[in-house]
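Residue numbers (this note's numbering): 1 to 187.
All C-beta atoms, glycine included, are put in the ideal place defined by N, C-alpha and C.
For reference, the structure is listed below as structure tokens.
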């Protein structure tokens, strides 16, 4: 069964990027050797990737180009209203609701997970469509005061696991649903 996962990092005040879409805050944080979900292990379980346009552009502009290709080898679905000028191998630009692409995403994933790389508004669209099962977040000891929010909406989550990795607090959550639509259950 395909699991939809949002694996990301955030500031302590809940921002993925600053108001200029910069991730400089993230790149300045020390990481350690221990993690509750090491990146390489996580990535090995990913069969398809979903990204928004801001995240896609940032990766390409900063370190995402390897011989002219998107850095990930998995099939990637770029959700955008502005198709990229240059087509990258393995990247399919799409526009519409996540549910419209569920079959294509799961087919591309080949029984593995779908990783929602970013951003927070896109992850929220997937959550509203019932297509976000887990959120794995590394919380950095930095605040920005403004920027792109971690998750664009109100959702109930259930803590599954927590730990640390260098300066980061890590937490893995199950997505229970939109706030106010989830039946009250024991924690």
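- If you look at residue 54, you'll find it in the alpha helix (DSSP H) that goes 53 to 62.
- Pairwise C-beta distances place the region 114 to 126 in contact with the region 146 to 160, as three or more of them are shorter than 8 Å.
- When DSSP reads this structure, residue 177 sits in a beta bridge with 156.
- Classified as exposed, residue 39 has fewer than 16 neighbouring CB atoms from the shown chains inside 10 Å of its CB.
- In this structure, DSSP gives residue 122 a helical state, which the three-state scheme calls helix.
- In this structure, residue 137 sits away from residue 55, with a CB-CB distance that is not shorter than 7 Å.
- Distance from the Cα of residue 25 is smallest, within the candidate group 179, 164 and 17, for 17.
- Residues 36, 169, 170, 171 and 172 of the same chain have their beta carbon placed closer than 8 Å to that of residue 162, with the five preceding and five following residues left out of the count.
- The beta-carbon separation of residue 127 and residue 155, rounded to 6 Å, stays under the 8 Å limit for a contact.
- According to the DSSP secondary-structure assignment, residue 7 is paired through a beta bridge with 136.
- The DSSP-derived three-state label of residue 149 is strand.
- Going by beta carbons, residue 109 and residue 29 fall outside the 7 Å limit.
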